[in-house]
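So the sequence shown is numbered by our numbering: it starts at 6 and just counts up by one. Virtual Cβ for every residue (Gly too), placed ideally from N, Cα, C. Structure first, commentary second.
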Amino acid sequence: MSKARLIEIVRENLDYAQSGTMRHAADIGRVPVEHYFDPERWQRECDQIFGRMPLVLATTSELRQAGDYKALSVMDKPVLICRTAEGEILAFENSCAHRGAQVVATGRGNAKRFVCPYHAWSYNNEGALKHVLCEGDFGEVDRDSNGLVELPCLERAGLIWVTLDSQSSLSIESFLCGYDEVLSQFGLKDWHFFDNRVLRGPNWKIAYDGYLDFYHIPILHRNSFGADTPPQAIYYQWGPHQRVSSPDTIAGVVGDRNENEWPPQALLAGVWTIFPHISIACFAGLDAVEEESYQAVMVSQLFPGKEPGESFTIQNFLVDRELTPEQEEAATQQFEFLKGVVQDEDYATGLKQQDALRTSSRKFVMFGRNEEGGQTFHAWVEKLLETEDDDLPGLFGQS
């Protein structure tokens, strides 16, 4: 069914490309300028969106083997993600039951047991407390109730979602609104991790606005992607998650092929956003559709920084196969190129934009009828800030 939907989307885009038209929102959207820098609102966004929504914190390619783990800090919360001996992905608060110390240092590795560096209490990769130092002197400890605190977690489509609230009643499956079935068409569960890096950027919403914006590409990116890149975008929604496609780009990939000869790039081209902080962009392969060409995606994980005007993005580059030395060199160059596009063009402009907004007398910024994705994104931000914890499941259609 998900592939059928992608084929339907390609057909729609080909129709738009042939007619030279595009779908429009009902009206111009307006967002109050203060929404980008008001500290009280920003804290609510951190707490009520990033603190309550499932977040993509890892890819299957990073934790492929039994015993693999990844430890990271998300919104100041230490998180540990593990693959058990049975192949299940679990996530925990990275905090010892004894004094709360972080059990595992930040980074990736492989281990069957984690030993707290403070007092050597140890846990297995299922979160169970296995050893208490000098337990006879310490006193009897109920091990069943003193394991690592488990966090809601789901592995789908080669991505791993974790909810930071251990008491969350929001099903991650419901939150995805069926989007994971479409994302599974990438086949990312079998892809390979190539490299990653961290970029610093502007307010998280300014950065996210750019994920959903093709309107700026032939202007801001005229020296990187080219001034002839079409600015038209067609948006598709699965709840708060959106795919952005370019009719002319898809038409260029399809060419004069019959439908049964369409390459995978035609079905997957564009930018796929996962609310509230992920962009999956296809780059390699749009100009190289030969069977022997490797395919690559950049999975960008966006997080708020320490204050409203800061964010950081982890760019992860994934490839669909083991690369030859020549392909590795090409992939390295492409990843470096994409760093420049985001850091020196998108984020550099966003930082100047927020400086101007803070001092401007303007009350609103605008999202045109051709910028439906930005309107949808900000509407979901508002909706979540207005929704109480108990009402979250109903917001995503969970019974």
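Which residue's Cα is closest to the Cα of V304: D218, N263, R262 and L188? Translated into positions along the sequence shown, residue 304 becomes position 299. The shortest Cα separation from V304 among D218, N263, R262 and L188 belongs to L188.
With H, G and I counted as helix, E and B as strand and the rest as coil, what does DSSP make of V294? Counting from 1 along the sequence shown, the entry for residue 294 is found at position 289. Legend: pLDDT at V294 = 42, less than 50; position of this residue unreliable, no value from coordinates given.
Closer than 7 Å by C-beta to P236: which residues in its own chain qualify, once you throw out the five before and the five after it? Chain order, please. Looking up residue 236 in the sequence shown gives position 231. Excluding residues within five positions, the ones whose Cβ falls inside 7 Å are F219, Y220, I222 and P223.
Does the distance from the C-beta atom of V324 to that of W196 stay below 8 Å? Residue numbering aside, residue 324 sits at position 319 when the sequence shown is read from its first letter. Residue numbering aside, residue 196 sits at position 191 when the sequence shown is read from its first letter. Yes, these two residues count as a Cβ contact at 8 Å.
Roughly how many whole angstroms lie between the Cα atoms of I94 and G34? For the purposes of this step, residue 94 is taken as residue 89 along the sequence shown, with counting starting at 1. For the purposes of this step, residue 34 is taken as residue 29 along the sequence shown, with counting starting at 1. The straight-line gap from Cα to Cα measures roughly 41 Å.
Going along the chain, which unbroken runs of the alpha helix (DSSP H) with 4 or more residues stay wholly within the region 188 to 237? 209 to 216 and 222 to 225
For A22, I'd like the list of residues in its chain whose CB is within less than 6 Å of its CB, leaving aside the five on either flank, ordered along the chain. Start at 1 with the first residue of the sequence shown, and residue 22 comes out as number 17. Hits under 6 Å: P252, D253 and A256.
For S150, count neighbouring C-beta atoms within 10 Å of its own C-beta (all shown protein chains included) and say buried if the count is 16 or more, exposed if not. Position 145 of the sequence shown, counting from 1, holds the residue named residue 150. Classified as exposed, S150 has fewer than 16 neighbouring CB atoms from the shown chains inside 10 Å of its CB.
Given this structure, state the Cα-to-Cα distance separating D81 from I177, to the nearest angstrom. The residue you call residue 81 lines up with position 76 of the sequence shown. The residue you call residue 177 lines up with position 172 of the sequence shown. So the alpha carbons of these two residues sit roughly 21 Å apart.
Just the C-alpha distance for R10 and V61, rounded to the nearest angstrom, thanks. Translated into positions along the sequence shown, residue 10 becomes position 5. Translated into positions along the sequence shown, residue 61 becomes position 56. Rounded to the nearest angstrom, the two C-alpha atoms are 24 Å apart.
Residues bridged to E155 by DSSP? Translated into the one-based positions of the sequence shown, residue 155 becomes position 150. In the DSSP output, where bridge partners are listed per residue, E155 has F97.
Using a Cβ distance threshold of 8 Å, determine whether the region 84 to 94 contacts the region 51 to 59, with at least three qualifying pairs required. Segments in contact, no.
If you compare alpha carbons, which of A71, G56 and L328 is closest to N115? Looking up residue 115 in the sequence shown gives position 110. Comparing Cα-Cα distances from N115 to each of A71, G56 and L328, the minimum goes to A71.
With D170 and G56 assumed to form a contact (beta carbons below 8 Å), what rounded beta-carbon distance in angstroms separates them? Indexing the sequence shown from 1 puts residue 170 at position 165. Indexing the sequence shown from 1 puts residue 56 at position 51. The pair is a contact, with the Cβ atoms about 6 Å apart (cut-off 8 Å).
Every unbroken alpha helix (DSSP H) inside the region 295 to 383 [4 residues or more]: 330 to 345 and 353 to 364
Is DSSP giving A286 helix, strand or coil here? Counted from its first residue, the sequence shown places residue 286 at position 281. In the structure shown, A286 sits in a strand (DSSP, three-state: E or B).
Taking the continuous alpha helix (DSSP H) assigned at V259, which residues delimit it? Locating residue 259 in the sequence shown gives position 254, where the first residue counts as 1. Segment P252 to V259, the alpha helix (DSSP H) holding V259.
Could you work out which residue in M58, R363 and V203 is closest to E393 when comparing CA atoms only? Reading the sequence shown from its first residue, position 388 is the one you call residue 393. The candidate whose alpha carbon is nearest that of E393 is M58.
Do three or more CB pairs link the region 30 to 47 to the region 372 to 383 at distances below 8 Å? yes
Does the separation of the CB atoms of F42 and N208 fall below 8 Å? Taking the first residue of the sequence shown as position 1, residue 42 is located at position 37. Taking the first residue of the sequence shown as position 1, residue 208 is located at position 203. One thing to note: F42 has its Cβ within 8 Å of the Cβ of N208.
For P245, I'd like the list of residues in its chain whose CB is within less than 7 Å of its CB, leaving aside the five on either flank, ordered along the chain. One-based indexing of the sequence shown puts residue 245 at position 240. The residues are F280 and W385.
Would you tell me roughly how many angstroms separate the C-alpha atoms of Q358 and I239, rounded to the nearest one? Position 353 of the sequence shown, counted from the start, is the residue given in the question as residue 358. Position 234 of the sequence shown, counted from the start, is the residue given in the question as residue 239. Rounded to the nearest angstrom, the two C-alpha atoms are 25 Å apart.
With DSSP collapsed to three states, give me the class of E17. Taking the first residue of the sequence shown as position 1, residue 17 is located at position 12. Helix.
Relative to the C-alpha of R326, which residue among P157, F191 and L153 is closest? For the purposes of this step, residue 326 is taken as the residue at position 321 of the sequence shown. Out of P157, F191 and L153, F191 has the C-alpha closest to the C-alpha of R326.
Among V120, S66, P398 and D147, nearest to R161 - alpha-carbon criterion: For the purposes of this step, residue 161 is identified with residue 156 of the sequence shown, where counting begins at 1. Nearest option by C-alpha distance: S66.
R28: which of K117, L175, R148 and Y241 sits nearest, CA to CA? On the sequence shown, position 23 is the one that residue 28 refers to. It is Y241.
Can you find the residues in the same chain that come closer than 7 Å, C-beta to C-beta, to D292, ignoring five residues on each side of it along the sequence? Along the sequence shown, read from residue 1 onward, the residue named residue 292 stands at position 287. A caution first: D292 carries a pLDDT of 40, below 50, which makes its placement in the model unreliable, though a value can still be read off. No residues qualify anywhere along the chain.
Please identify the residue among K75, V203 and E331 whose C-alpha is closest to the C-alpha of N321. Your numbering for residue 321 matches position 316 in the sequence shown. The shortest Cα separation from N321 among K75, V203 and E331 belongs to V203.
Which stretch, first to last residue, makes up the beta strand (DSSP E) that contains F119? Counting from one through the sequence shown, the residue named residue 119 turns up at place 114. Note, F119: beta strand (DSSP E), R118 to V120.
Span separating the alpha-carbon of L159 from that of L181: Locating residue 159 in the sequence shown gives position 154, where the first residue counts as 1. Locating residue 181 in the sequence shown gives position 176, where the first residue counts as 1. Going by the C-alpha atoms only, they are around 11 Å apart.
CA-to-CA distance, G112 to C139, given in whole angstroms: For the purposes of this step, residue 139 is identified with residue 134 of the sequence shown, where counting begins at 1. For the purposes of this step, residue 112 is identified with residue 107 of the sequence shown, where counting begins at 1. Between the alpha carbons of C139 and G112 lies a distance of about 29 Å.
What whole-angstrom Cβ distance do T278 and A212 have, given they're in contact under 8 Å? If you number the sequence shown from 1, residue 278 lands on position 273. If you number the sequence shown from 1, residue 212 lands on position 207. With a Cβ gap of about 11 Å, T278 and A212 do not count as contacting.
Would T64 be called buried (16 or more neighbouring beta carbons within 10 Å of its own) or exposed? Taking the first residue of the sequence shown as position 1, residue 64 is located at position 59. So T64 ends up on the buried side.
Quick check on the burial criterion: 16 or more other C-beta atoms within 10 angstroms. Buried or exposed for I12? What you label residue 12 is simply residue 7 of the sequence shown in a count that begins at 1. So I12 counts as exposed.
Tell me which same chain residues have a C-beta within less than 8 Å of the C-beta of E295, skipping the five on either side of it? The sequence position of residue 295 within the sequence shown is 290, counting from 1. Legend: pLDDT at E295 = 48, less than 50; position of this residue unreliable, no value from coordinates given.
Below 8 Å between beta carbons: does that hold for N99 and P83? As a first step, residue 99 is located in the sequence shown; it is residue number 94 there, counting from the start. As a first step, residue 83 is located in the sequence shown; it is residue number 78 there, counting from the start. Their beta carbons are under 8 Å apart, which means N99 touches P83 by this criterion.
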